[in-house]
Amino acid sequence: MHIEKNVFENIFNTVMDVKGKTKDNIKARLDVALFCNRKNMELVNTEECRLYGMKSHDCHVFMQTLIPLAFRDLLPKGIWDALTEISHFFRDICSSKLNVDHIERLEKNIVEIICKLEMIFPPSFFDSMEHIPVHLPFEVKVGGPFQYRWMYPFERYLFNLKKKVKNKAHVEASICEAYIVEEISTFISYYFEPHLRTRINRVPRHDDGGEVHSSENLSIFSNPGRPTPKNAVRGRYLSEIEFRQAHNYVLFNCDELRPFIK
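Here you go:
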């Protein structure tokens, strides 16, 4: 998970020439002159093109789906092909289903992909994180798919725990106290009278309660809701795809239509 994030950041910051984070700097150019024979090596230089607040999962999505699209018309074909191949490698290695033949093919391809990247980027680009992907196919072969072992759900839960911090002088104790209070309140709420509103039986914020007793309406429209204020969001028309999706949702969630669906 963090390997993919670090590889993505190195690629994006270098290609977009992000100040202070690019691997293509003066020292890297001196390394090229010292160790390589690429006098005319050039990268894209775009001023202040950087992304802020990118978390691990954001880099995961960008690396696997958006890099081939974002750089397609921006980079020469040879560079774009290499970046697309590393993008497809991470997409395939993170699949929920993999067979041995596919893993062995990935194990062979990643070596060639790294060699192609070495022909494009300066030596300073390649730290330990650019080497670790070579070992990922073997790890998948031994430990199984990454989806059952990566840290995304735990990072989301840690984010929820950090929001409970009220005393920054005692972070751990503040988290523990808030967690215990939440567990106790949730447990004892099961023993309250049904008419008392708790976090267990509270209704959604758009539900005003009650039912609409009318034979003219479908069952899906039996629960009245509270409309969003006009000044909260600007109105817009649904696209044809959105309208069709909403129409299908209504049809598939009506009790009156279940006999016809079956």
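Numbered by the working numbering, the letters in the sequence shown go through residues -15 to 246 in order. A virtual CB, placed ideally from N, CA and C, is assigned to each residue, including glycine. The structure presented is a predicted model; accordingly, all values stated were derived computationally and were not measured.
- By Cβ distance, which residues of its chain are closer than 7 Å to H41, with the 5 residues on each side in sequence left out? Taken in chain order, the residues that qualify are Y136.
- Would you call the stretch 91 to 99 and the stretch 53 to 73 in contact, with 3 or more CB pairs under 8 Å? Verdict: yes, contact present.
- Query: Distance, Cα to Cα, E114 vs F105?
  - Reply: Rounded to the nearest whole angstrom, the CA to CA distance from E114 to F105 is 11 Å.
- Query: Between the C-alpha atoms of K152 and L142, what's the straight-line distance to the nearest angstrom?
  - Reply: The alpha-carbon of K152 is positioned some 16 Å away from that of L142.
- Could you say which of D111, D85, E(-12), P117 lies nearest to K39 if we only look at CA atoms? Each of D111, D85, E(-12), P117 was checked against the Cα of K39, and the nearest Cα belongs to E(-12).
- Message: Give me, in chain order, the residues of the same chain whose beta-carbon lies closer than 7 Å to that of R75; leave out the 5 immediate sequence neighbours on both sides.
- Response: The beta carbon of R75 is closer than 7 Å to those of Q48 in its chain, skipping five residues each way along the sequence.
- Anyone know if the C-beta pair for P129 and L82 falls short of 8 Å? Closer than 8 Å, so yes.
- Contacting residues, own chain, Cβ-Cβ under 6 Å from D239 (five flanking each side not counted): Result list for D239: S203, in chain order.
- Going straight from the alpha carbon of E166 to that of V124, what length do you get? Distance between the alpha carbons of E166 and V124: 38 Å.
- Message: Give me, in chain order, the residues of the same chain whose beta-carbon lies closer than 7 Å to that of T182; leave out the 5 immediate sequence neighbours on both sides.
- Response: Residues S173, F176 of the same chain have their beta carbon placed closer than 7 Å to that of T182, with the five preceding and five following residues left out of the count.
- Message: By the three-class DSSP mapping on this structure, what secondary structure does T49 have?
- Response: The DSSP-derived three-state label of T49 is helix.
- Query: What is the DSSP secondary structure of A153, reduced to helix, strand or coil?
  - Reply: DSSP, reduced to helix, strand and coil, places A153 outside both helices and strands of the structure shown, so it counts as coil.
- Message: Within a Cβ cutoff of 7 Å, which residues of the same chain sit near N(-10), ignoring the five residues on either side of it in sequence?
- Response: Excluding positions up to five away in sequence, the list reads M113.
- Message: I need the straight-line Cα distance from R266 to H86, nearest angstrom please.
- Response: No answer is possible for residue 266: the residues shown for the chain start at -15 and end at 246.
- Just how far apart, CA to CA, sit Q229 and Y221? The alpha-carbon atoms of Q229 and Y221 are separated by roughly 14 Å.
- Query: How long is the line joining the alpha carbons of N232 and A157, rounded to whole angstroms?
  - Reply: Roughly 49 Å between the two C-alpha positions.
- Message: Quick check: V2 and L59, are their CB atoms within less than 8 Å of each other?
- Response: Contact flag unset, no.
- If you compare alpha carbons, which of S80, M103, C43, K148 is closest to G62? Measuring from the Cα of G62, the nearest candidate turns out to be M103.
- Item | Inter-residue CB distance, V149 and I164 (contact presumed, cutoff 8 Å) | 14 Å between Cβ atoms; not a contact.
- Three-way DSSP call (helix, strand, coil) for L241 in this model: If DSSP states are grouped into helix, strand and coil, L241 belongs with the helices.
- Under 8 Å between C-beta atoms of F55 and F(-8): For F55 and F(-8), no; Cβs fall outside 8 Å.
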